[in-house]
Amino acid sequence: MIFDGPLIIGAGLAGLSAALAAADAGAKVLVLSPTALGDGCASAWAQGGMAVALAEDDTSDLHSEDTIIAGAGLCDPEAVRVLTEEGGAAVVRLLALGAPFDRDADGKLIQSLEAAHSRPRVARVGGDGAGAAIMAAVIATVRTHPDITVWEHARARRLLQDNTGRVCGAIVDRQGELIDVLTPATILATGGIGGLYAVTTTPTAMKGQGLGLAALAGAVIADAEFMQFHPTAMDLPGRSALDPAPLATEALRGEGATLIDRKGRAFMQDYDPRGDLAPRDVVSRAVADQIARGKGAFLDARTAIGARFPAEFPAVFKACMAAGLDPRTTPIPVAPAAHYHMGGIATDLDGRTSLVGLYAAGECASTGVHGANRLASNSLLEAAVFGARAGRAAADETASQGPILPAAPAPDLPEDALWSLRLAMSRDAGVLRSEAGLRRLLSEIASMEDRYGQTPELVAARLTAEGAFSRRESVGAHARADYPDRAMARRRFITVGSTRAPALMAAE
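Dropping the structure here:
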C-alpha cells in the first residue's frame, strides 16, 4: 500500500497530537493503534496532569530551572526551553478541543503543586483524571477529522528501508493481515518500556516495541538505562493479581500527604531536606530502602485529603476501596514501580531521528527534555508539544526512496518468555542495580535471543540493561550499588543495528 502522507505508529497523546498537527499542515495521515483508540495507552492513565507555567508568580524560566534540576544535570537546555515556552500554547490547543481542565470560580485554571516544582503549576482534570479526559477530547477530534485515517488493532512488525537506509514505512499487521505500507515519513509514538517490568504502573502492552524496531533499523538510541520508578504505586491487598499496579498520584503529596513507616513515623526528612516533595528518584530509593529494612512504606493522606478523597482523587479512592482499604481512615501501602522511560530513540527538536524519514515522539523518544529523571507532570506536556512538532515536520517530507530492501516481520516473544523477562528486569534493572545483577540479566536476555530471535522487546530490554551496565555512576533514576558516585555523568548515544553489542556513537 502506498500512502502519501505520514504513517504514525501509536495512538497516545504524542501520536494523536502529531496526527492533528500534520493534518492541519495539509497532509493526509494514517494512524496505527494496537487497540481501540484510548485503550492501552499510558497517556490515558496519567493522573497528575500537565505542568505549565501560567500563574502570575510563575514563568517558563522557572519551569525550565525545575526541570533541569530534577533531570540531574543531563537535560538538553534547548529542548527544555521549547517544552516550557510552548507549553502554554499546547494547553490552549487542548482547551479548544474540549479538554475539561479544572477551573476556579473565576474561570482560571486550578494548578497544583507536585514534587520538585517550585510553584503550583500542574493543571488537572477531576483531581486525578487528566490523562483520560484529555485523551477523550483529542480522540473525538481525530475520529471526525477528514484527513486522518485510523487503523485500530494494527501494529508495526518491522520498519521498511530503502538501499540508502531511509525509512520508507513499515510492515503492518492489521488484524492478522500483513501489509507493506510505504510512506514518505514514519512517526514512532509507541510509548515506553514499562511492560518489560514485572511491577509497573503503565499499560503492560508498552514493551519497548518502537524502541526495539528503531534500534533494529540502525537508529541512534539515547540513555536507555534511565527508567523512572514511581515511588507510590499502591501495594494493596491482592496486588499480586493486579497487573499493572494502581498508582497513587504525586499530587497527593503536593496536597500534604506524608510517607510514613509502619509505626507512623514520617521518614523522608531522613533522606532529603525537601522531604516528601523531593524528586522522584530520591523518593523511590527512600521507599525501596524502607521496605528492604522491614519498616514498610505508607502514604498517609488521612489529614491532608481525608473526606475529600471521593471528589478530588476518585481514581485513587476507587482503587483503594476495591481492595478493601479506605484511604480516608487508613494509610495506603506503597512501593516503587516502573513508571516512565526517559531514554529512547534520539531525536532533534522536531522529532527527527538519525534515520531519514523516521521520526519519534512521546515516551519512546529521547528529546533530552527529561535528562536522568523526569519532573512530575512533564510527560503529557512533552507528548503534546513535541508530538505536534514531529507531525508538522513529517508533513513536509516527500517520498524519494530508492529500491526497498526485502524484510520480514520481527519475531514475537511468547508470553511465558515475556513474563520471565519482566521478572528478570524488575530483579536486576530496578531501583538499585549492580554489576553482578546486570551481568546475570544480560546473560538471560542473550539466551532468550538465541531461542526466540531479536524480538523488539528483547532488543529494548538489552539496550536498557547494557546502558545500566556501562554507566558506572549513579545519576538520577539510575542507581548503582557498586558505583554510588555521580562523577562525569553525561548523555550516551549508541547504535545497535543487527548486532548484539551496542556501539558507543557519541557522548556529551
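The opening position of the sequence shown corresponds to residue 30 in my numbering, with each subsequent residue numbered one higher. We treat Cβ as the ideally placed atom computed from N, Cα and C, and that holds for glycine. Computed from a predicted model, the values in this text were never measured in an experiment.
Secondary structure note for tyrosine 481: its alpha helix (DSSP H) is the uninterrupted segment 464 to 481. Boundaries of the beta strand (DSSP E) harbouring proline 362: 361 to 370, taken from the DSSP string. The region 41 to 56 makes contact with the region 413 to 424, as at least three CB pairs between them are under 8 Å. Assigned with DSSP and collapsed to three states, phenylalanine 338 falls in helix.
Annotated as proximal: leucine 189 and valine 210, with beta-carbon spacing under 9 Å.
For leucine 276, the closest C-alpha among the options Val201, Pro232, Val249, Arg148 is that of Pro232. Counting C-beta atoms within 10 angstroms of its own C-beta, methionine 371 has 16 or more neighbours from the protein chains shown and is therefore classed as buried. Serine 72 is not a Cβ neighbour of valine 179, given a cutoff of 9 Å.
Using a C-beta cut-off of 8 Å, the region 455 to 467 makes no contact with the region 421 to 434, since fewer than three inter-stretch Cβ pairs fall below that distance. Each of Ala185, Arg294, Val58 was checked against the Cα of proline 175, and the nearest Cα belongs to Val58.
Non-local beta-carbon contacts of valine 81 in its own chain, meaning distances under 7 Å to residues more than five positions away in sequence, involve Gly116, Gly117, Val120, Arg150, Ala152, Leu410 in chain order.
Excluding the 5 residues flanking it on each side, histidine 92 has same chain C-beta neighbours closer than 6 Å at Ala82, Thr113, in chain order. In the three-state reduction of the DSSP assignment, glutamate 254 falls in the coil class.
Separation of proline 343 and glycine 34 (C-alpha to C-alpha, rounded to the nearest whole angstrom) is 41 Å. Apart from sequence neighbours up to five positions away, the residues of its chain that approach tyrosine 369 with a beta-carbon distance below 7 Å are Gly221, Gln257, Glu392, Arg403, Ser408, ordered along the chain. Here the region 302 to 310 lies against the region 133 to 144, with 3 or more beta-carbon pairs under 8 Å apart. A buried status is given to threonine 219, since no fewer than 16 other beta-carbon atoms sit within 10 Å of its beta-carbon.
Taking a C-beta distance under 9 Å as the contact criterion, leucine 450 and valine 363 do not qualify as a contact pair.
Under the three-pair Cβ rule at 8 Å, the region 200 to 208 does not count as touching the region 374 to 393. Going by DSSP, serine 455 is part of the alpha helix (DSSP H) stretching over 444 to 457. Counting only the Cα atoms, alanine 367 lies some 30 Å from alanine 336. According to the DSSP assignment, valine 60 belongs to the beta strand (DSSP E) that extends over 58 to 62. Secondary structure at threonine 358: coil, using DSSP grouped into helix, strand and coil. Taking the C-beta atoms as reference points, alanine 375 is found no nearer than 9 Å to alanine 47. Spanning the alpha carbons of threonine 230 and cysteine 70 requires a straight line of approximately 12 Å. Beta-bridge partners assigned by DSSP to serine 147: none are found. Within the region 244 to 324, the complete alpha helix (DSSP H) segments at least 4 residues long are 280 to 283, 309 to 321, listed from N- to C-terminus.
Sequence-distant Cβ neighbours of phenylalanine 327 in its own chain, meaning closer than 8 Å and more than five residues away, are Leu288, Ile289, Asp290, Arg291, Pro360, Ile361, Pro362, Val363. Contact between isoleucine 163 and valine 154 holds: their C-beta atoms lie close to 7 Å from each other, under 8 Å. Separation of the CB atoms of serine 89 and alanine 248 is rounded to 30 Å, and the pair is thereby denied contact status at 8 Å. Looking at the DSSP output, glutamine 140 sits in a beta bridge with Ala152.
The Cβ-Cβ distance between alanine 348 and methionine 263 falls below 9 Å. With a 10 Å radius around the Cβ and a threshold of 16 neighbouring Cβ atoms, arginine 501 comes out exposed.
The shortest CA-to-CA distance from phenylalanine 32 to any of Asp511, Val60, Asp53 is the one to Val60. With a cutoff of 9 Å on beta-carbon distance, valine 385 and glycine 194 are scored as near each other. Under the 10 Å beta carbon count, serine 503 is surrounded by 16 or more other beta carbons and is classified as buried.
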